[in-house]
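Asker: Next up is a structure, given as structure tokens.
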Amino acid sequence: MKLSAKGIMKAESALKVARLEMESATWEGEEILPSKHADGLAQLDNGRKIPPKGWKCERCDLTSNLWMNLTDGAILCGRRFFDGSGGNNHAVDHYKETKYPLAVKLGTITPDGQADVFSYAEDNMVKDPHLVKHLVRTSQDFMFIYYYNCSTTFKKIFC
Ligand SMILES: [Zn+2]
69 MKLSAKGIMK AESALKVARL EMESATWEGE EILPSKHADG LAQLDNGRKI
119 PPKGWKCERC DLTSNLWMNL TDGAILCGRR FFDGSGGNNH AVDHYKETKY
169 PLAVKLGTIT PDGQADVFSY AEDNMVKDPH LVKHLVRTSQ DFMFIYYYNC
219 STTFKKIFC
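Residues 69 to 227 in my numbering are what the sequence shown lists, from first letter to last.
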């Protein structure tokens, strides 16, 4: 059987839809996998100072739903939802401009060094196995003192 190019495209897009449906069906409880961008993530030594609290989006002053980019420490708001709530897309806009792939949701970091990490490059929630190191690098004198303050994870790496 010979398929036309159009037929192949149609079959591929049907497959894509089926796969997306399957993925969203299994989203609950699905294992979050390590990001392939976590190893060797570029982190800029740009002197950016990040306060331990009182965060706001650098572009629109929103104070909730904030994501910190792990490459440059930019703090920006999350995506706008279809109903108009949520953020103003500034974090994802920043990714489109810079291609810095990983951001951590502020307020989700736990003392044992876990947090909600989103990979724009992979368009998925991911694990960052080097999160504590990445936080310390981007945050310099900020968050690790606030959150880690010689917690177990911190001690293992730095104390
Ligand atoms: Zn914003």
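Glycine residues also receive a C-beta, built at the ideal position from the N, C-alpha and C atoms. Small disclaimer: the values here were computed from a predicted structure and weren't measured.
Measuring CA to CA, which of A106, R116, D129 is closest to G141?
Answerer: Numbered from 1 along the sequence shown, position 73 holds the residue referred to as residue 141. With distances taken between Cα atoms, G141 lies closest to R116.
Asker: Per DSSP, which residues does G154 bridge with? Please list them.
Answerer: In the sequence shown, the residue the question calls residue 154 occupies position 86. DSSP, once it has assigned bridges, lists R148 as partnering G154.
Asker: Using CA atoms only, rank isn't needed, just tell me which of T166, A189, P197, D184 is closest to K174.
Answerer: What you label residue 174 is simply residue 106 of the sequence shown in a count that begins at 1. Note on residue identity: the sequence assigns Leu, not Lys, to residue 174. Checked all of T166, A189, P197, D184; the closest Cα to L174 is D184.
Asker: In angstroms, rounded to a whole number, what distance separates the CA positions of I118 and N157?
Answerer: Here residue 118 refers to the residue found at position 50 when the sequence shown is read from its first residue. Here residue 157 refers to the residue found at position 89 when the sequence shown is read from its first residue. Distance between the alpha carbons of I118 and N157: 20 Å.
Asker: Could you name the residues whose beta carbon sits closer than 6 Å to any heavy atom belonging to ligand 1, keeping them in chain order?
Answerer: Cβ atoms closer than 6 Å to ligand 1 belong to C125, R127, C128, L130, L144, C145, G155, N156, H158.
Asker: Counting only beta-carbon atoms, is Y163 nearer than 8 Å to chain D?
Answerer: No chain D appears in this structure, which consists of one protein chain only.
Asker: So what's K173 in DSSP terms, helix, strand or just coil?
Answerer: The residue labelled residue 173 in the question sits at position 105 within the sequence shown. K173 falls in the strand class under three-state DSSP.
Asker: Comparing C-alpha positions only, which one of E165, A189, M193 sits nearest to T176?
Answerer: Numbered from 1 along the sequence shown, position 108 holds the residue referred to as residue 176. Looking at the Cα atoms, M193 is the closest of the given residues.
Asker: Measuring alpha carbon to alpha carbon, tell me which of Y188, V204, D113, N114 ends up nearest H105.
Answerer: Position 37 of the sequence shown, counting from 1, holds the residue named residue 105. Ranking Y188, V204, D113, N114 by Cα distance to H105 puts Y188 first.
Asker: Leaving out five residues before and five after P169 in sequence, what residues of the same chain have Cβ atoms less than 8 Å from its Cβ?
Answerer: What you label residue 169 is simply residue 101 of the sequence shown in a count that begins at 1. Cβ neighbours of P169 beyond the five flanking positions: S103, H105, L109, T139, Y163, S187, Y188, A189, E190.
Asker: Which first and last residues belong to the beta strand (DSSP E) in which L134 is found?
Answerer: If you number the sequence shown from 1, residue 134 lands on position 66. Where L134 is concerned, the enclosing beta strand (DSSP E) stretches over 134-137.
Asker: In three-state terms, what does DSSP make of K167?
Answerer: Reading the sequence shown from its first residue, position 99 is the one you call residue 167. It is coil, neither helix nor strand.
Asker: State the DSSP-derived secondary structure class of K104, mapped to helix, strand or coil.
Answerer: Along the sequence shown, read from residue 1 onward, the residue named residue 104 stands at position 36. In the structure shown, K104 sits in coil (DSSP, three-state: anything other than H, G, I, E or B).
Asker: On the three-state DSSP scale, how would you describe K124?
Answerer: Working through the sequence shown from its first residue, we reach residue 124 at position 56. Of the three classes helix, strand and coil, the one that applies to K124 here is coil, per DSSP.
Asker: What residue from K195, G155, R147 has the CA that sits closest to I100's CA?
Answerer: The residue labelled residue 100 in the question sits at position 32 within the sequence shown. Nearest option by C-alpha distance: K195.
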